[in-house]
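One structure is given below, encoded as structure tokens.
Chains as they are written, first to last, in the working numbering: chain H, 49 to 388; chain U, 49 to 388.
As structure tokens, this is what we get:
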């Protein structure tokens, strides 16, 4: 499998690191021999080698902050534009891992369409295209006979999407409820321990959970994007972010945490999704609910089903290797499907 | 897909009920059209019809406690012996759902071997053959080019095995820890609320969780059997039940629950499995552990992995439709693999 990585930040480098570390295991266990043939960055140019880039040298160049440090070798192309890489490289799979833009999803969405048009499978950690154009992406993928996968967009590598789509196939899912954002869940845990909202936010930023501009997290938009992805992919819903009721945690105080504690409850930022709609808002969850015990940067999702009742999956919601694994599990699924 | 059900108690009837209720959905969503062509019981004889049994009439006969109440119709065979059904019926899949026998697994294991020998896929809810002969079953399945699946043996239909084998593929699993028996977990929850051991056991028996002879549950053997199945199928371990340290909950008292409560802990019957061994024993689990909050008849398993850290799956561990769904999900997997 030959892979073009559009975007080579934290998550893309995480995948490259995993493929580097696990090359032998993946070959032995699954007959899976992936090659990264191209990487594209916005500020540091691009690299393409049809025989595959050397992952150790690639990671070393990225660690220096400049792809230009990747050594010259025969057959290496530098600075092909992204459309050129998608159109003319020998990649079988395009991975979109540029930063999420929930307003327009561009230019990522154009790259996604271009990839399908040129017969590539598509794997995303970037939520934008999936949130804004899920149905169109799936339509074009069917037309092209290619796959679109995006496990890493929800709960990073914790298999929230495949649990719903594959493991619970045969059950009817009535609803999903989840804690889908690590930053806010970490902040709420800190506030329960007495931190002020401002201190909790500063701590989340120090740990690298929250962006410099944390509004996407604390106002609930990151959670809402994940809720839309769940609704579209598991309920085949036609739902846009502005149709959700979205409220973040910005109105919560340490005193609110104490009030909830006295009542045997905990504040959690909960996404609730049904086949007809959804909401994102802070909820006082009773301690008997498994979601009440999901603390810190951990995420969780509960599927309410006809045959199993409630099934809950708890795992990490962010992190470099964690999200990289989400990409890997999509690649493995494509590998298995394509080779069976 | 034509199915022979060996055993038609609670779980077999659960599957028949699901296939009856969901016939249209399964056809529409997955192109899956299963037919139960044969059922075999120990006390009420057997039925075989090459064109498929009528599920409503079959369930009605079972509800009366006698398969003889199933109406005569052209092509129906009554009272074929089980080996005859396996050898001579047109079934593609044999489902083994007779009661678990952890000492010898017979006659179920003979039926399993016979099914593979005659080119049938094999699906089990019966733990005996998997615990005692996993490696031999897999060897014969490879030889026959057929599949052996047994999701329903661990946590009923909660997808514990496929989460480990499929969703976490690409991760290295260092260890698994789980609450794998509903009866004992229910009893411990009742004892935390002040019930004596004897009262908790009586309540579990009244609710149908515990058998009349509850030793398999309370002495830890049911949990140990599930631990062996996890170890064999996810670690490819060569491990027998007598190599595990097994201790049940029979030594625990209401006073022990109180002691743990004062220390901010809870007693749970925990299976711990690594690639080299395992144990089943009551453990005082701190409240920060997700397993501490798994109450009543609910089960849970935590996988400790290299790339994701801890991932926990929580869901029902017993029940008629729940276990029936475990069988269905294996059938769907076989359907997908065979038709891809």
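Quick reminder that beta carbons are idealized off the backbone N, C-alpha and C, glycines included.
Residue i - DSSP class collapsed to helix/strand/coil
i, result
"residue 286 of chain H", "coil"
"residue 394 of chain H", "No information on residue 394 of chain H is available, as it lies outside the stretch 49 to 388 that chain H covers here."
"residue 134 of chain H", "helix"
"residue 269 of chain H", "helix"
"residue 81 of chain U", "coil"
"residue 168 of chain H", "coil"
"residue 363 of chain H", "strand"
"residue 123 of chain U", "coil"
"residue 102 of chain H", "coil"
"residue 370 of chain U", "helix"
"residue 450 of chain H", "Outside the shown range of chain H, which is 49 to 388, sits residue 450 of chain H, and nothing can be said about it."
"residue 53 of chain U", "strand"
"residue 389 of chain U", "Chain U is shown only over 49 to 388; residue 389 of chain U falls outside these bounds and no answer can be derived."
"residue 173 of chain U", "coil"
"residue 150 of chain H", "coil"
"residue 159 of chain U", "helix"
"residue 95 of chain H", "strand"
"residue 118 of chain H", "coil"
"residue 89 of chain U", "coil"
"residue 64 of chain H", "helix"
"residue 139 of chain H", "coil"
"residue 113 of chain U", "coil"
"residue 389 of chain U", "The requested residue 389 of chain U does not occur in the structure, where chain U is confined to residues 49 to 388."
"residue 348 of chain H", "strand"
Chain H contact residues for residue i, given Cβ-Cβ distances below 8 Å
i, result
"residue 241 of chain U", "Neighbours of residue 241 of chain U on chain H: none; closest Cβ ~13 Å, over 8 Å."
Cβ-Cβ separation, residue j to residue i (assumed contact under 8 Å), whole Å
i, j, result
"residue 361 of chain H", "residue 349 of chain H", "5 Å"
"residue 265 of chain U", "residue 231 of chain U", "4 Å"
"residue 195 of chain U", "residue 385 of chain U", "7 Å"
"residue 378 of chain H", "residue 171 of chain H", "5 Å"
"residue 37 of chain U", "residue 333 of chain U", "Absent from the structure is residue 37 of chain U, since the part of chain U shown begins at 49 and ends at 388."
"residue 277 of chain U", "residue 141 of chain U", "That pair is no contact at about 20 Å."
"residue 331 of chain U", "residue 321 of chain U", "Not really, about 14 Å apart at Cβ, beyond 8 Å."
"residue 353 of chain U", "residue 222 of chain U", "7 Å"
"residue 375 of chain H", "residue 200 of chain H", "5 Å"
"residue 109 of chain U", "residue 118 of chain U", "4 Å"
"residue 233 of chain H", "residue 59 of chain H", "The pair is not a contact, with the Cβ atoms about 20 Å apart (cut-off 8 Å)."
"residue 106 of chain H", "residue 64 of chain H", "6 Å"
"residue 316 of chain U", "residue 340 of chain U", "7 Å"
"residue 365 of chain H", "residue 249 of chain H", "Not quite, the Cβ-Cβ distance comes to about 17 Å (not below 8 Å), so this is no contact."
"residue 127 of chain H", "residue 94 of chain H", "6 Å"
Neighbouring residues, chain U, relative to residue i (Cβ below 7 Å)
i, result
"residue 56 of chain H", "The premise fails here: residue 56 of chain H is roughly 19 Å from chain U at the closest Cβ pair, so nothing lies under 7 Å."
"residue 210 of chain H", "215"
"residue 341 of chain H", "338, 341"
Contact set between residue i and chain U, taken where Cβ atoms lie within less than 8 Å
i, result
"residue 206 of chain H", "356, 359"
Proximal residues of chain H, C-beta to C-beta of residue i below 7 Å
i, result
"residue 219 of chain U", "373"
Listed from N- to C-terminal order along the chain, which residues in the segment 65-80 of chain U have their beta-carbon within a distance smaller than 8 Å of any beta-carbon of chain H?
66, 70, 73, 74, 77, 78
If you scan the segment 184-254 of chain H from start to end, which runs of the beta strand (DSSP E) of 3 or more residues do you find wholly inside it?
221-227
Taking beta-carbon pairs under 8 Å, can you tell me which members of the segment 356-386 of chain U lie near chain H?
Taking 8 Å as the Cβ-Cβ cut-off against chain H, the residues of the segment 356-386 of chain U that qualify are 356, 357, 358, 359, 360, 361, 362, 363, 364, 369, 370, 372, 373, 376, 377, 380, 385.
What residues in the segment 300-325 of chain U bring their beta carbon closer than 8 Å to a beta carbon of chain H?
none
Along the chain, which unbroken stretches of the alpha helix (DSSP H) at least 4 residues long are found entirely within the segment 268-345 of chain H?
When DSSP assignments are scanned along the segment 268-345 of chain H, the uninterrupted stretches of alpha helix (DSSP H) that are 4 or more residues long and fall wholly within it turn out to be 269-283, 302-310.
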